[in-house]
Amino acid sequence: DAGEIAEAFAKYEEEFYIPPQDAMRSVLRRFQSGTTPTPSGGGSTTTRQTKKVATLSELTGSDRDVEIEVAIVSHNIRDQMIRGEEKQIAFGMLEDNPWEENGQRTRWDYKDWGPHANLAAGSIVRIEGASVNEYNGKMSLNINQSTRIVVLKEGVATTVASNDPIDISNIPKEGYICVVGRVLASRPDQIHRKDGSGSIDVVRGRLADDTGTIGFLSWEPFDHEVGTLVKVDGAQVRSFRDTPELNFGRTTRVEVYHDANFADLETLSQNTLTNVAALRDGSRDVDAIVQITEMTKRTFDRDGEEKFLWSGQIADPTGRCRISIWDALPFDENEL
Numbered sequence: 001d002a003g004e005i006a007e008a009f010a011k012y013e014e015e016f017y018i019p020p021q022d023a024m025r026s027v028l029r030r031f032q033s034g035t036t037p038t039p040s041g042g043g044s045t046t047t048r049q050t051k052k053v054a055t056l057s058e059l060t061g062s063d064r065d066v067e068i069e070v071a072i073v074s075h076n077i078r079d080q081m082i083r084g085e086e087k088q089i090a091f092g093m094l095e096d097n098p099w100e101e102n103g104q105r106t107r108w109d110y111k112d113w114g115p116h117a118n119l120a121a122g123s124i125v126r127i128e129g130a131s132v133n134e135y136n137g138k139m140s141l142n143i144n145q146s147t148r149i150v151v152l153k154e155g156v157a158t159t160v161a162s163n164d165p166i167d168i169s170n171i172p173k174e175g176y177i178c179v180v181g182r183v184l185a186s187r188p189d190q191i192h193r194k195d196g197s198g199s200i201d202v203v204r205g206r207l208a209d210d211t212g213t214i215g216f217l218s219w220e221p222f223d224h225e226v227g228t229l230v231k232v233d234g235a236q237v238r239s240f241r242d243t244p245e246l247n248f249g250r251t252t253r254v255e256v257y258h259d260a261n262f263a264d265l266e267t268l269s270q271n272t273l274t275n276v277a278a279l280r281d282g283s284r285d286v287d288a289i290v291q292i293t294e295m296t297k298r299t300f301d302r303d304g305e306e307k308f309l310w311s312g313q314i315a316d317p318t319g320r321c322r323i324s325i326w327d328a329l330p331f332d333e334n335e336l
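Residue numbering for the sequence shown follows my numbering, beginning at 1 and increasing consecutively.
So, in structure tokens, the structure goes:
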């Protein structure tokens with residue numbers, strides 16, 4: 001029935017803030033099994049079968065109405081435009097198996113679309129009625145408006161505990177860290193939601209010390225100028241493929257740092273050069289000196305407009321790799 005299908009999509013969007021394109025698989029799955037999403041008001045008499053699990057590894061990307069006990073590792077809040085209305089969304093990391101002190105644990109990202117007031121970093125909770133989101137092979141948990149949160153152990157919603165600063169070269173692929181670095185680059189940017197409901201203002205940039213550089217994404221205002229030495233405490237490290245990136249959220253502290261012995265901007269800028277052998281999957285803002293050994297131009301049509309793509313191979317003494325250029329060459333193509 002087309003009306004029931006439309007109603008199911010509307011419930012996902014209005015109650016769970018899940019846009020139609022993301023809810024497609026869930027709606028199909030529920031209608032194939034003869035069920036529909038239950039509204040928070042309890043208007044439907046259809047009983048959904050809850051999937052109770054002890055570990056995150058038991059879940060799949062299509063699971064809905066999940067019940068699990070987890071520890072809330074981090075909890076941040078940001079303002080986000082949803083269908084033209086500004087709402088608060090909570091996000092962070094959680095981990096399973098919270099009761100075994102030395103047990104093996106798995107961490108996932110989560111989004112709390114409530115947001116629920118009783119979620120706090122350091123707490124252990126039972127989540128009833130969550131759904132799993134899978135994107136590019138990575139799993140995360142959606143805590144919907146209708147999800148029930150039962151606090152099993154109270155936590156304190158404070159900033160992430162301070163750590164001693166670590167070198168950029170020693171930053172792990174995941175976790176919370178403290179780092180001191182000089183701002184190499186900083187620019188405002190926007191992240192556009194896939195459903196077209198709005199965008200989020202962010203700041204992207206890079207930090208450097210004498211051991212290396214790393215990119216950052218700030219969800220909060222970041223007004224430190226290029227060249228400023230800053231101490232960042234409570235930054236969350238998230239990795240894209242093989243490349244870690246710092247995320248600055250509500251609980252991250254960024255402050256001007258003073259160290260007369262710290263390398264200046266000019267020195268650090270010279271140290272940003274890398275080589276082919278050191279390239280990592282997902283790296284951004286890469287500086288390298290290479291030789292072009294092969295280059296061809298391909299034209300194609302996109303929406304009635306002719307576009308072109310340069311592709312070829314580059315090399316340096318450490319190795320070779322493929323290259324694609326989607327813009328005009330910075331030199332005369334006759335020089336190739």
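Virtual Cβ for every residue (Gly too), placed ideally from N, Cα, C.
Note that the coordinates shown come from a computational prediction; the quantities given were computed from them, not determined experimentally.
Terminal residues of the continuous alpha helix (DSSP H) containing residue i?
i	result
Ser343	What is shown of the chain runs 1 to 336, which leaves residue 343 out entirely.
Taking the beta carbon of residue i as the centre, do at least 16 other beta carbons fall within 10 Å, making it buried, or is it exposed?
i	result
Ser162	Residue confidence for Ser162 is low, a pLDDT of 48 falling below 50, so the modelled location carries little weight and cannot support an answer.
Ile191	exposed
Arg241	exposed
Val160	Only weak support is given to the placement of Val160: the predicted model assigns it a pLDDT of 44, under 50, and the question is left unresolved by the model.
Tyr135	exposed
Glu335	exposed
Leu184	buried
Ser62	exposed
Leu94	buried
Pro330	exposed
Gln236	buried
Asn102	exposed
Thr50	exposed
Ser57	exposed
Phe248	buried
Val202	buried
Arg64	buried
Arg298	exposed
Pro37	Confidence at Pro37 is low in this model, with a pLDDT of 49, below 50, so the placement of that residue should be treated as unreliable; the coordinate-derived value is given next. Counting Cβ neighbours within 10 Å, Pro37 comes out buried, since at least 16 surround it.
Asp303	exposed
Asp327	exposed
Could you check whether residue j and residue i sit closer than 9 Å to each other, using their CB atoms as the reference points?
i	j	result
Lys52	Pro98	no
Asn271	Ala263	yes
Ile124	Ala71	yes
Trp310	Ile289	no
Val230	Leu207	yes
Arg204	Val232	no
Met139	Trp108	yes
Ala121	Val73	yes
Leu268	Asp209	yes
Asp167	Gly212	yes
Gly137	Arg182	no
Asp301	Lys307	yes
Thr293	Arg320	yes
Out of the options, point me to the one whose CA is closest to residue i's CA.
i	options	result
Ser239	Leu273, Arg284 and Ala208	Arg284
Gln291	Thr251, Thr267 and Arg322	Arg322
Val180	Pro165, Asp189, Arg187 and Ser186	Pro165
Glu67	Leu59, Thr106 and Gly92	Leu59
Ile200	Asp189, Asp210 and Asp209	Asp189
Thr318	Ala277, Met139 and Phe331	Ala277
His111	Gly227, Asp210, Gln104 and His75	Checking the displayed sequence, the identity of residue 111 turns out to be Lys instead of His. Considering only alpha carbons, the answer is His75.
Thr251	Arg78, Gly3, Leu56 and Ile143	Arg78
Asp281	Phe300, Glu333, Thr293 and Thr243	Thr243
Phe222	Ile214, Ser186, Ala90 and Lys87	Ser186
Phe91	Ile314, Leu119 and Asp332	Leu119
Gly234	Glu294, Gly175 and Lys87	Gly175
Val286	Leu273, Glu294, Thr293 and Thr296	Leu273
Leu279	Val256, Arg105, Ile314 and Lys87	Ile314
Glu69	Thr106, Glu294, Ile177 and Gly3	Thr106
Gln145	Glu100, Ile177 and Gln88	Gln88
Pro115	Gln104, Asp96 and Asn142	Asn142
For residue i, report the span of its beta strand (DSSP E) as first-last.
i	result
Pro317	Counting along the chain, Pro317 falls outside any beta strand (DSSP E), and DSSP gives it neither H nor E.
Lys138	Lys138 to Ile143
His192	Gly175 to His192
Gly304	Looking at the DSSP string, Gly304 is not in any beta strand (DSSP E), and its letter there is neither H nor E.
Ile68	Val66 to Ile72
Asp233	Leu229 to Phe240
Tyr257	That residue, Tyr257, is in no beta strand (DSSP E); it is neither H nor E in DSSP.
Asn133	Ile124 to Tyr135
Gly114	Run containing Gly114: none; DSSP gives neither H nor E here.
Ile149	Arg148 to Lys153
Asp201	Ser199 to Asp209
Ser283	Premise fails: Ser283 is in no beta strand (DSSP E) and is neither H nor E.
Gly212	Gly212 to Ser218
Thr243	Thr243 to Phe248
At least one CB of chain B closer than 9 Å to the CB of residue i: is that the case?
i	result
Val179	In the displayed structure, chain B is absent; only one protein chain is listed.
Are at least three pairs of beta-carbons, each pair with one atom in the region 161–175 and one in the region 123–131, less than 8 Å apart? No, the region 161–175 is not in contact with the region 123–131.
Contact between the region 217–227 and the region 140–150 (3+ Cβ pairs under 8 Å): They do not touch, by the three-pair rule.
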